[in-house]
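Read through the structure below, which is laid out as structure tokens, and then see the notes.
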Amino acid sequence: RPTVVFDNVRFGYDPDREILHGLSFEVPAGAQVAIVGPSGAGKSTIGRLLFRFYDPSSGRILIDGQDIRHVTQASLRQRIGIVPQDSVLFNDTIGYNIAYGRSGASDAEVMDAARGAAIDRFIAGLPQGLDTEVGERGLKLSGGEKQRVAIARTLLKDPPILLLDEATSALDTRTEQAILATLRNVSADRTSIAIAHRLSTIADADIINVLHEGRLEEQGTHAQLLRHDGL
Ligand code: ADP
Ligand code: ADP
Numbered sequence: 356r357p358t359v360v361f362d363n364v365r366f367g368y369d370p371d372r373e374i375l376h377g378l379s380f381e382v383p384a385g386a387q388v389a390i391v392g393p394s395g396a397g398k399s400t401i402g403r404l405l406f407r408f409y410d411p412s413s414g415r416i417l418i419d420g421q422d423i424r425h426v427t428q429a430s431l432r433q434r435i436g437i438v439p440q441d442s443v444l445f446n447d448t449i450g451y452n453i454a455y456g457r458s459g460a461s462d463a464e465v466m467d468a469a470r471g472a473a474i475d476r477f478i479a480g481l482p483q484g485l486d487t488e489v490g491e492r493g494l495k496l497s498g499g500e501k502q503r504v505a506i507a508r509t510l511l512k513d514p515p516i517l518l519l520d521e522a523t524s525a526l527d528t529r530t531e532q533a534i535l536a537t538l539r540n541v542s543a544d545r546t547s548i549a550i551a552h553r554l555s556t557i558a559d560a561d562i563i564n565v566l567h568e569g570r571l572e573e574q575g576t577h578a579q580l581l582r583h584d585g586l
């Protein structure tokens, strides 16, 4: 049974301007699903609806078969782990930032948990130890390193569904590809929704949904889409 279903979802921030015009797509359990499209297409709106910052004006959104209007905010946040484009880190150690929510965890405990969750490769990609201070007094992490910390933090919570909302869009291509390769390595079977504006970012997704002006324009694998119109 699909994990997330958008069923004919209509939505507008203002009543006189509809943004999503009856959007339907499914995220099967274990699948890596991508939503790609130009800026303004409505991609981030999909994430906001998933977290119920807003509700659709009509249609339904289901998670594990249940209308999300009947799911508590706490349960939604437990089931969907989000990595946004610009992750905010605490002015504390890298380890604290990764283990956020497990207060008092030592570096050894963070590494054990990371190995258990198979995310130690993300941490291996960081330039400094877990005890390194982040922020004004300490290490200035690059955008790519920050996103490694943010992704590790989210994966450590082991969410059933991972939502990457332009998580690597601000990075240069090489850094982006390195992070995506790590993610593929550590999270191959995890249900995920990746929102991106470049097709190259999500080329490996099982299902790619091409969104254009609030409508699903095309759907398929990367190879199928290339065959259609040489995107
Ligand atoms: P994308 O993520 O694909 O760039 P968005 O979902 O952010 O697109 O935005 C889709 C449309 O909704 C855009 O036209 C944008 O201007 C509009 N929009 C986004 N957020 C708001 C808001 N809070 N209030 C009004 N309009 C908004
Ligand atoms: P926490 O780690 O505290 O549980 P989350 O990882 O759930 O927080 O979310 C991180 C932040 O991103 C929160 O402030 C949340 O409100 C915000 N957020 C969640 N979903 C979206 C979204 N689709 N668009 C923008 N911000 C979001």
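Going by UniProt numbering, the sequence shown opens with residue 356, and the numbers climb by one from there.
In this text, a Cβ means the ideal position worked out from N, Cα and C, and glycines have one as well.
Taking residue i as part of the beta strand (DSSP E), name the residues at either end of that continuous run.
{"i": "alanine 463", "result": "Not the beta strand (DSSP E): alanine 463 falls in the alpha helix (DSSP H), residues 462-471."}
{"i": "phenylalanine 408", "result": "No beta strand (DSSP E) holds phenylalanine 408; DSSP gives it neither H nor E."}
{"i": "leucine 375", "result": "375-382"}
Residue i: buried (16+ other C-beta within 10 angstroms of its C-beta) or exposed?
{"i": "lysine 495", "result": "exposed"}
{"i": "proline 370", "result": "exposed"}
{"i": "glutamine 421", "result": "exposed"}
{"i": "phenylalanine 445", "result": "exposed"}
{"i": "valine 382", "result": "buried"}
{"i": "glycine 385", "result": "exposed"}
{"i": "aspartate 544", "result": "exposed"}
{"i": "phenylalanine 477", "result": "buried"}
{"i": "leucine 586", "result": "Any reading at leucine 586 needs caution, since the residue's pLDDT is 49, under 50, leaving its predicted position unreliable; the model's value is listed next. Its Cβ having fewer than 16 others within 10 Å, leucine 586 is exposed."}
{"i": "glycine 395", "result": "exposed"}
{"i": "threonine 427", "result": "exposed"}
{"i": "glycine 436", "result": "buried"}
{"i": "asparagine 363", "result": "exposed"}
{"i": "alanine 479", "result": "exposed"}
Just grab the DSSP bridge partners of residue i for me.
{"i": "glycine 499", "result": "None; glycine 499 has no bridge partner."}
{"i": "glutamate 488", "result": "Thr448"}
{"i": "asparagine 564", "result": "Ile390, Gln574"}
{"i": "aspartate 475", "result": "Bridge partners of aspartate 475: none, in fact."}
{"i": "arginine 372", "result": "Asp369"}
{"i": "residue 602", "result": "The question about residue 602 has no answer, for the chain in this structure spans 356 to 586."}
{"i": "valine 360", "result": "Glu381, Leu417"}
Considering residue i, what are the terminal residues of the alpha helix (DSSP H) in which it resides?
{"i": "glycine 402", "result": "398-405"}
* Counting only runs that start and end within the stretch 507-572, where is the alpha helix (DSSP H) found for 4 or more residues in a row? -> Runs of the alpha helix (DSSP H) inside the stretch 507-572: 528-541.
Please give me, in chain order, every unbroken run of the alpha helix (DSSP H) with length at least 4 that falls completely inside the stretch 411-445.
428-434
**Message:** Taking 5 angstroms as the limit, name every residue whose beta carbon sits nearer than that to some heavy atom of ligand 1, in sequence order.
**Reply:** Tyr368, Ile374, Ser394, Gly395, Ala396, Gly397, Lys398, Ser399, Thr400
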